[in-house]
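Student: Residue numbers (our numbering), protein chains in the order written: chain A, 1 to 148; chain B, 1001 to 1148; chain C, 2001 to 2148; chain D, 3001 to 3148.
Note that beta-carbon positions come from the ideal geometry of N, C-alpha and C, so glycine has one too.
Protein chains: 4
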Amino acid sequence: MNTPNYIEDFTAWKQAFKHKYSVTVRFSETDAFGHLNNTNAFVYFEIGRIEFFKECGIAATWFSEKEETIPVAADLQCDFRQQVFFDENLHVCVKVAHVGTSSVDLHYMIVNGKSEVCMTGRGRIVQVSRFSGKSVPWSDRARGYLNQ
Amino acid sequence: MNTPNYIEDFTAWKQAFKHKYSVTVRFSETDAFGHLNNTNAFVYFEIGRIEFFKECGIAATWFSEKEETIPVAADLQCDFRQQVFFDENLHVCVKVAHVGTSSVDLHYMIVNGKSEVCMTGRGRIVQVSRFSGKSVPWSDRARGYLNQ
Amino acid sequence: MNTPNYIEDFTAWKQAFKHKYSVTVRFSETDAFGHLNNTNAFVYFEIGRIEFFKECGIAATWFSEKEETIPVAADLQCDFRQQVFFDENLHVCVKVAHVGTSSVDLHYMIVNGKSEVCMTGRGRIVQVSRFSGKSVPWSDRARGYLNQ
Amino acid sequence: MNTPNYIEDFTAWKQAFKHKYSVTVRFSETDAFGHLNNTNAFVYFEIGRIEFFKECGIAATWFSEKEETIPVAADLQCDFRQQVFFDENLHVCVKVAHVGTSSVDLHYMIVNGKSEVCMTGRGRIVQVSRFSGKSVPWSDRARGYLNQ
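What follows is the structure, encoded as structure tokens:
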């Protein structure tokens, strides 16, 4: 298996994750090939991403209908290294790779109970106005959280 | 297989459906038992229900954020008669069973390519205010559509 | 709100649940009306049901491809009492209402953080042969677990 | 918006798609931000990919439990260019970018009713043994189809 181009040194890359969230593979997430359907990797990335944004205090305003800004995915990618099956307990790990003016590049790693890396991934999230759809720069506070 | 209590005469019940919509079973909707995951029956019911509401001119206002009313499911049930598999072409059939002041009881039937009835179901939809959550009576026009 | 016909006395019915499992509403489970999409109630029921079957020792054989029997949903129903929103922590409660020769009638209750009952439901699960599709009676051991 | 690195010339890239499949955005696929939840882009890619494999005669054996080989996703990525909303009719376009010994690199483009490109993407699919998980080279026939 080749290392994806968003990872320089795999050992160093793995060790830099400090945020991790648990998810258990649901039966409704499997498919007729007997394993987790590939589309659910991105559901798990979204869970990890939102938990991370909640943890660092940024999500609070996004999910209030009164607030102007929401996060949107600009791009997403996933590399599948290991099949995952019903009822496995996984860790969804998230870290900040780069903070832009109104965006953030997040990296993802999903690890199974045997500490095997099952999926890796990345994606850029942009903060936009709910109304105009245009990008909205991070507040100093949000930028501070993301750079921690 | 017993006839569910919302069906009096199965032959007559089947013949009274005039609205039908096509759906093809997606691979991501199957599960590790090799068939359609049971939860997707309700996804198919929702597709049929919304297509029906669009067809009878009621849905137009619900999906505009400026409008006050939205439909909510009060209850839903499904009887599974026949397994369904990847790539099957199904018909989702919908009919009005009863029109209330601000609600409608819909019946559902899902039929496969061999004209076998795979699922039957029913459920009450209530029109409510997006803001107060309280029920909102049908307009005369909506009631007219539903009683057709 | 009327009491569904599978509940005699609501207070007594609520108190008889001994098995409960946690679930947090995912963002991908919400819909454009801003709340949990109705179809996910049945995803939560499936999670509760499988956790219950695991807890009582019955699920072990179902998810091994070498085993002959699998559980299938014969019917399912849900009554929606209270809207549910992103990030709410819910308890999915499960209990046995009736044990048949090769089937079991399960009842469900989903409760939010304010101890409000958001959904109630029921459904019959039948143990069938993976190969013939015919019903397979419970073993004495399985029956023992279900009747506890 | 930058052009993703898997696209050299966007105009030429767009014109080279010959396979397209229709999909209509379901209500259950939207989220509380009022648009299509990002995870469903990959559901649409899977639909397009499987339709393409069916059309070119390769899928037939994969979905029979007697057959040895299944396709698995090695990687997947999506660039989001334009928001998509409930009830939009989309075209999911698929083309072969590169054929390997036992894999194929597919490109995806999702276009809305105004001929706007809403998402682009790519991903490598590998044919593997259902039993050993090891890659299985394409037959001459399958390679012929993919190179057409």
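Rounding to the nearest angstrom, what Cα-Cα distance links T2003(C) and F2010(C) in this structure?
Tutor: Along the third sequence, one-based indexing puts residue 2003(C) at 3. Along the third sequence, one-based indexing puts residue 2010(C) at 10. If I take the Cα positions, the gap works out to 7 Å.
Student: Taking 8 Å as the CB-CB limit, is E2046(C) close to chain B?
Tutor: By 1-based counting over the third sequence, the position of residue 2046(C) is 46. So yes, E2046(C) belongs to the interface.
Student: If you pair each beta-carbon of the segment 1052-1059 of chain B with each one of the segment 3020-3031 of chain D, do three or more pairs fall below 8 Å?
Tutor: With a cut-off of 8 Å on Cβ pairs, the segment 1052-1059 of chain B is not in contact with the segment 3020-3031 of chain D, counting fewer than three such pairs.
Student: Taking the alpha carbon of D1079(B) as the point to measure from, which residue in T1120(B), S1139(B), S1064(B) has its own alpha carbon closest?
Tutor: By one-based count along the second sequence, residue 1079(B) stands at place 79. Of the listed residues, the one whose Cα sits closest to D1079(B) is T1120(B).
Student: Do the segment 2033-2052 of chain C and the segment 2113-2130 of chain C make contact, defined as three or more Cβ pairs closer than 8 Å?
Tutor: Put simply, the segment 2033-2052 of chain C touches the segment 2113-2130 of chain C. At least three CB pairs are less than 8 Å apart.
Student: Looking at the secondary structure, which residues open and close the alpha helix (DSSP H) in which A3142(D) lies?
Tutor: Here residue 3142(D) refers to the residue found at position 142 of the fourth sequence. Note, A3142(D): alpha helix (DSSP H), 3140-3147.
Student: Quick check on DSSP: helix, strand or coil for S2135(C)?
Tutor: Counting from 1 along the third sequence, the entry for residue 2135(C) is found at position 135. Here S2135(C) sits in strand by DSSP.
Student: For the segment 2011-2040 of chain C, enumerate the residues whose C-beta is nearer than 7 Å to any C-beta of chain D, in chain order.
Tutor: F2027, S2028, T2030, D2031, A2032, G2034, N2037, T2039
Student: Report yes or no: do three or more beta-carbon pairs, one from the segment 3104-3117 of chain D and one from the segment 3026-3033 of chain D, lie closer than 8 Å?
Tutor: no
Student: Of the residues that make up the segment 62-92 of chain A, which ones have a beta carbon closer than 8 Å to any beta carbon in chain D?
Tutor: Contacts with chain D (Cβ-Cβ distance below 8 Å) from the segment 62-92 of chain A involve F63, I70, V72, A73, A74, D75, L76, Q77, C78, D79, F80, Q83, listed in chain order.
Student: Name, please, each residue of chain B whose Cβ falls closer than 8 Å to the Cβ of V2099(C).
Tutor: Here residue 2099(C) refers to the residue found at position 99 of the third sequence. Near V2099(C) there are no residues of chain B at all, since even the closest Cβ is about 18 Å away, more than 8 Å.
Student: For the beta strand (DSSP E) that contains F6(A), what are its first and last residues?
Tutor: Residue numbering aside, residue 6(A) sits at position 6 when the first sequence is read from its first letter. According to the sequence provided, residue 6(A) is Tyr. The question's Phe does not apply to it. Under the DSSP assignment, Y6(A) falls outside any beta strand (DSSP E); it carries neither an H nor an E label.
Student: Expressed to the nearest angstrom, what Euclidean distance is found between the alpha-carbon atoms of L2076(C) and V2126(C)?
Tutor: For the purposes of this step, residue 2076(C) is taken as the residue at position 76 of the third sequence. For the purposes of this step, residue 2126(C) is taken as the residue at position 126 of the third sequence. Approximately 12 Å, taken between the alpha carbons.
Student: At 4 residues or longer, what runs of the alpha helix (DSSP H) sit wholly inside the segment 1048-1075 of chain B?
Tutor: 1059-1062
Student: How would you call P71(A), buried or exposed, if buried means at least 16 neighbouring beta carbons within 10 angstroms?
Tutor: Along the first sequence, read from residue 1 onward, the residue named residue 71(A) stands at position 71. With 16 or more Cβ atoms within 10 Å of its Cβ, P71(A) is classed as buried.
Student: Given a cut-off of 8 Å on the beta-carbon distance, is the pair E3046(D) and F1027(B) in contact?
Tutor: Reading the fourth sequence from its first residue, position 46 is the one you call residue 3046(D). Reading the second sequence from its first residue, position 27 is the one you call residue 1027(B). Contact: yes.
Student: Rounded to whole angstroms, how far is the Cβ of V1977(C) from the Cβ of F2052(C), which I believe are closer than 8 Å?
Tutor: With chain C covering 2001 to 2148 only, the question about residue 1977(C) has no answer from this structure.
Student: By the 9 Å beta-carbon criterion, what residues does the segment 2131-2144 of chain C contribute toward chain B?
Tutor: G2133
Student: Rounding to the nearest angstrom, what Cα-Cα distance links A74(A) and A3074(D) in this structure?
Tutor: One-based indexing of the first sequence puts residue 74(A) at position 74. One-based indexing of the fourth sequence puts residue 3074(D) at position 74. Each residue's Cα considered, the two are about 21 Å apart.
Student: Please state whether DSSP places N3112(D) in a helix, a strand or coil.
Tutor: In the fourth sequence, the residue the question calls residue 3112(D) occupies position 112. Coil, per DSSP.
Student: Grab the span of the beta strand (DSSP E) containing K20(A) for me, first residue to last.
Tutor: In the first sequence, residue 20(A) corresponds to position 20, counting from 1. For K20(A), the enclosing beta strand (DSSP E) has its first and last residue at 19-24.
Student: Quick one: what's got a C-beta closer than 6 Å to Y2006(C)'s C-beta in the same chain, skipping five residues either side?
Tutor: Taking the first residue of the third sequence as position 1, residue 2006(C) is located at position 6. Closer than 6 Å at the Cβ level, and outside the excluded window around Y2006(C), lie R2122.
Student: DSSP puts V2084(C) in a beta bridge; with which residues?
Tutor: Start at 1 with the first residue of the third sequence, and residue 2084(C) comes out as number 84. According to DSSP, V2084(C) bridges with nothing at all.
Student: Smallest Cα separation from S135(A): which of Q83(A), A12(A), G100(A)?
Tutor: On the first sequence, position 135 is the one that residue 135(A) refers to. Nearest of Q83(A), A12(A), G100(A) to S135(A), Cα basis: G100(A).
Student: Alpha carbon to alpha carbon, how far is R2049(C) from Y145(A)? Give it in angstroms, no decimals.
Tutor: In the first sequence, counting from the first residue as 1, residue 145(A) sits at position 145. In the third sequence, counting from the first residue as 1, residue 2049(C) sits at position 49. Between Y145(A) and R2049(C), the C-alpha separation is close to 40 Å.
Student: Please compile the residues from chain B whose C-beta is within a distance smaller than 7 Å of the C-beta of I3050(D).
Tutor: The residue you call residue 3050(D) lines up with position 50 of the fourth sequence. Those within 7 Å of I3050(D) in chain B are F1027.
Student: Provide the residue span of the alpha helix (DSSP H) that contains A2012(C), from first to last.
Tutor: Translated into the one-based positions of the third sequence, residue 2012(C) becomes position 12. Unbroken alpha helix (DSSP H) run through A2012(C): 2010-2015.
Student: DSSP state of A3097(D), grouped into three classes?
Tutor: Within the fourth sequence, the letter at position 97 stands for residue 3097(D). Reduced to three states, the DSSP call for A3097(D) is strand.
Student: Measuring alpha carbon to alpha carbon, tell me which residue in L2036(C), G2133(C), E2008(C) is nearest N2089(C).
Tutor: Here residue 2089(C) refers to the residue found at position 89 of the third sequence. Ranked by Cα distance from N2089(C), the first of L2036(C), G2133(C), E2008(C) is L2036(C).
Student: DSSP on N1089(B), reduced to helix/strand/coil?
Tutor: To locate residue 1089(B), count along the second sequence from 1; it is residue 89. N1089(B) falls in the strand class under three-state DSSP.
Student: Cβ atoms of V2084(C) and N2112(C): under 8 Å apart, would you say?
Tutor: As a position in the third sequence, residue 2112(C) is number 112, starting the count at 1. As a position in the third sequence, residue 2084(C) is number 84, starting the count at 1. Going by C-beta atoms, N2112(C) is nearer than 8 Å to V2084(C).
Student: Looking only at DSSP bridge pairs, what is S103(A) linked to?
Tutor: Translated into positions along the first sequence, residue 103(A) becomes position 103. According to DSSP, S103(A) bridges with V126(A).
Student: Let me check understanding here. Comparing Cα to Cα, which of N147(A), R81(A), F86(A) lies closest to S115(A)?
Tutor: Residue numbering aside, residue 115(A) sits at position 115 when the first sequence is read from its first letter. Selected option, being the one with the closest Cα: R81(A).
Student: Would a C-beta distance cut-off of 8 Å place V2025(C) and F2086(C) closer than the cut-off?
Tutor: If you number the third sequence from 1, residue 2025(C) lands on position 25. If you number the third sequence from 1, residue 2086(C) lands on position 86. Taking 8 Å as the Cβ cut-off, V2025(C) and F2086(C) qualify as a contacting pair.
Student: In angstroms with no decimal places, state the Cα-to-Cα distance between K1014(B) and Y1108(B).
Tutor: Here the question's residue 1014(B) lines up with position 14 in the second sequence. Here the question's residue 1108(B) lines up with position 108 in the second sequence. Spanning the two alpha carbons is a distance of roughly 10 Å.
Student: Is V111(A) close to chain D? Criterion is C-beta to C-beta, closer than 8 Å.
Tutor: Reading the first sequence from its first residue, position 111 is the one you call residue 111(A). So no, V111(A) is outside the interface.
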